[in-house]
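Trainee: Structure provided below as structure tokens; questions to follow.
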Amino acid sequence: MISVVIPSYNRRDCVLDLLRDVFAQQDVDMEVIVVDDCSPDNSVDAFRSEFPQAKIFVNEKNGGPAVTRNRGIREAKGDIIVGFDSDVTIPDPLLLSKVVARFSEHPQVDGLAFRLLKPDGKSEDTPRWWHPVPIKDYADKEFYTSYFSGTAYAFRHEALVKAGMYPEILYMHYEEVELAYRILDGGGEILHCPDLVALHHANEVSRRSEVTVFYKPRNQILLAAACLPGAKAVQYILPRVCYQFAKACRGGHMKDFFRAMRSARTLLPALLKNRKPLKFETLQRIGEMKHGLVP
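Listed below in structure tokens is the structure:
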């Protein structure tokens, strides 16, 4: 069975559109879980009214995307977790049945990265392409990857739990990166599947400047501290911190930059207690992916 997990925050109409697409899926055994992150609008009432067959959960307090996705995963009963952010639609009514088929065809694969297109259904959603190979050469190809977007994805439930699910300390941004690393470090594979398509409508809420001026510089430090060996962590952090500092100077965001640095310093002690650097073999494989050496 598939468990569809949808995090929601103040996006009533978007989620209703997505739920219509999900419940139009054919030839699949599924449950649908919506986790609301304390929306100030009447989202929850609308979901329960129009889709009583969906399982609706509400966080006790606003926890962010990582917490909200993890809540849905913990509540799920399915063998496969399919996650959609609230600002996507699904044009293919057989998408979920294709997910089941793909996992059956590839027993060694733990995760499927969907292809994300803009609302026109033709243009690539370039800002969300963080795969290790160029979008212009690989968008329409199947390949093993070290990344997936939380916008639309599928994983074996057991693999997500084994990998520790989303790192909640990050709140938002880079949480998919660390989870992908943990999946690979546990011996799993993530496959980019160009035929599994979701349309991303890039809701304005997801483009808050706070993501780029606060969460990005902070979480780059936390990601490196959690996942990378000492020398590699320093090599990763230094150029990025310098770049983010220069960017903050140009954009007039120095207060946000220093707030991000203070937050990182506050969170580091707790993070370092559970630090688990990636294995050498995992780092080597990720490096090979960057050079297009993994078919």
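Per my numbering: the sequence shown = residues 1 to 295.
We treat Cβ as the ideally placed atom computed from N, Cα and C, and that holds for glycine.
1) Using 8 Å as the cut-off, can you tell me whether the region 5-13 makes contact with the region 57-71, which would need three or more C-beta pairs spanning the two stretches below that distance?
2) Rounded to whole angstroms, how far is the Cβ of residue 171 from the Cβ of residue 215, which I believe are closer than 8 Å?
3) Have a look at 137, 246, 29 and 47 and flag the residue whose alpha-carbon is nearest the alpha-carbon of residue 17.
4) For residue 5, write down the residues that DSSP places opposite it in a beta bridge.
5) Using the Cα positions of residue 243 and residue 94, report the straight-line distance between them to the nearest angstrom.
6) Can you find at least 3 beta carbon pairs, one from the region 126-142 and one from the region 209-229, that sit closer than 8 Å?
7) Excluding five sequence neighbours on each side, which residues of the same chain lie with their C-beta closer than 6 Å to the C-beta of residue 32?
8) Could you check whether the Cβ of residue 235 sits closer than 8 Å to any heavy atom belonging to the ligand COA?
9) Using the Cα positions of residue 225 and residue 65, report the straight-line distance between them to the nearest angstrom.
10) Please state whether DSSP places residue 89 in a helix, a strand or coil.
11) Please report the straight-line C-alpha distance between residue 11 and residue 51, rounded to a whole angstrom.
12) Which of the three DSSP states is assigned to residue 192 in this structure?
13) Measure the CB-CB distance between residue 289 and residue 133 and report whether it falls below 9 Å.
14) Could you tell me whether the Cβ atoms of residue 301 and residue 154 are closer together than 9 Å?
15) Count the other C-beta atoms from every protein chain shown that fall within 10 angstroms of the C-beta of residue 211, then say buried if there are 16 or more, exposed otherwise.
16) For residue 234, is the classification buried or exposed, using 16 other Cβ atoms within 10 angstroms of its Cβ as the cut-off for buried?
17) How would you write the range of the beta strand (DSSP E) that residue 211 sits in, first residue to last?
18) Compute the Euclidean distance between the alpha carbons of residue 150 and residue 266, then round it to the nearest angstrom.
19) Which word fits residue 272, buried or exposed, when buried means at least 16 other C-beta atoms lie within 10 angstroms of its C-beta?
20) Going by Cα to Cα distance, which pick from 251, 241, 184 and 143 is closest to residue 283?
21) From residue 207 to residue 264, what distance separates their C-alpha atoms?
22) Do you know how far the Cα of residue 19 is from the Cα of residue 42?
23) Enumerated in chain order, which unbroken segments of the alpha helix (DSSP H) with a length of 4 residues or greater are wholly contained in the region 34-69?
24) Who are the near neighbours of residue 125 in its chain, counting only those whose CB is closer than 7 Å to its CB and skipping five residues on each side?
25) Following the continuous beta strand (DSSP E) through residue 156, name the residue where it begins and the one where it ends.
26) With DSSP as the reference, label residue 16 as helix, strand or coil.
27) How many whole angstroms separate the CB atoms of residue 223 and residue 174, which I take to be in contact at a CB cut-off of 8 Å?
28) Using only the alpha-carbon positions, how far apart do residue 228 and residue 274 sit?
29) For residue 85, which option in 105, 101, 100 and 114 has the closest C-alpha, if you only look at C-alpha atoms?
Mentor: So, from the listed chains and residues:
1) yes
2) Position 171 of the sequence shown holds residue 171. Position 215 of the sequence shown holds residue 215. Yes, they are in contact, since the Cβ atoms of residue 171 and residue 215 sit about 7 Å apart, within 8 Å.
3) Start at 1 with the first residue of the sequence shown, and residue 17 comes out as number 17. The option with the nearest alpha carbon to residue 17 is 47.
4) Along the sequence shown, read from residue 1 onward, the residue named residue 5 stands at position 5. Beta-bridge pairing links residue 5 to 33 and 83.
5) Locating residue 243 in the sequence shown gives position 243, where the first residue counts as 1. Locating residue 94 in the sequence shown gives position 94, where the first residue counts as 1. Distance between the alpha carbons of residue 243 and residue 94: 43 Å.
6) no
7) In the sequence shown, residue 32 corresponds to position 32, counting from 1. Excluding residues within five positions, the ones whose Cβ falls inside 6 Å are 4, 22 and 54.
8) In the structure shown, the ligand COA is absent, as is every other ligand, since no ligand is present at all.
9) As a first step, residue 225 is located in the sequence shown; it is residue number 225 there, counting from the start. As a first step, residue 65 is located in the sequence shown; it is residue number 65 there, counting from the start. When rounded, the distance between both Cα atoms is 21 Å.
10) Stepping through the sequence shown from its first residue, residue 89 is reached at position 89. In this structure, residue 89 counts as strand in the three-state DSSP scheme.
11) Within the sequence shown, numbered from 1, the residue matching residue 11 stands at position 11. Within the sequence shown, numbered from 1, the residue matching residue 51 stands at position 51. Spanning the two alpha carbons is a distance of roughly 15 Å.
12) Counted from its first residue, the sequence shown places residue 192 at position 192. It is a strand residue.
13) Taking the sequence shown and counting its residues from 1, the one referred to as residue 289 is at position 289. Taking the sequence shown and counting its residues from 1, the one referred to as residue 133 is at position 133. Their beta carbons are under 9 Å apart, which means residue 289 touches residue 133 by this criterion.
14) No statement about residue 301 is possible, as the shown extent of the chain runs from 1 to 295 and does not include it.
15) Numbered from 1 along the sequence shown, position 211 holds the residue referred to as residue 211. Residue 211 should be labelled exposed.
16) Against the sequence shown, residue 234 aligns to sequence position 234. Under this definition residue 234 is an exposed residue.
17) The residue given as residue 211 occupies position 211 in the sequence shown. Taken as a continuous stretch (DSSP letters only), residue 211 belongs to no beta strand (DSSP E), as it is neither H nor E.
18) In the sequence shown, counting from the first residue as 1, residue 150 sits at position 150. In the sequence shown, counting from the first residue as 1, residue 266 sits at position 266. Straight-line Cα distance between these residues: approximately 26 Å.
19) Working through the sequence shown from its first residue, we reach residue 272 at position 272. Looking at its Cβ environment, which holds fewer than 16 other Cβ atoms inside 10 Å, residue 272 is exposed.
20) Sequence index remark: in the sequence shown, residue 283 carries index 283 (1-based). Looking at the Cα atoms, 184 is the closest of the given residues.
21) Stepping through the sequence shown from its first residue, residue 207 is reached at position 207. Stepping through the sequence shown from its first residue, residue 264 is reached at position 264. Residue confidence is low: residue 207 scores 45 on pLDDT, short of 50, so the model does not pin down where it sits. No coordinate-derived value is stated.
22) Here residue 42 corresponds to residue number 42 of the sequence shown, with the count starting at 1. Here residue 19 corresponds to residue number 19 of the sequence shown, with the count starting at 1. Looking at the two C-alpha atoms, the distance is approximately 16 Å.
23) 43-50
24) As a first step, residue 125 must be located in the sequence shown, where it is residue number 125. Excluding sequence neighbours, residue 125 sits near 116, 117, 118 and 200.
25) What you label residue 156 is simply residue 156 of the sequence shown in a count that begins at 1. First-last of the beta strand (DSSP E) with residue 156: 152-156.
26) Position 16 of the sequence shown, counted from the first residue, corresponds to residue 16. Correct three-state label for residue 16: helix.
27) One-based indexing of the sequence shown puts residue 223 at position 223. One-based indexing of the sequence shown puts residue 174 at position 174. Going by Cβ atoms, the distance from residue 223 to residue 174 rounds to 5 Å, so yes, they are a contact pair.
28) Numbered from 1 along the sequence shown, position 228 holds the residue referred to as residue 228. Numbered from 1 along the sequence shown, position 274 holds the residue referred to as residue 274. Each residue's Cα considered, the two are about 13 Å apart.
29) In the sequence shown, residue 85 corresponds to position 85, counting from 1. The residue with the shortest Cα to Cα distance from residue 85 is 114.
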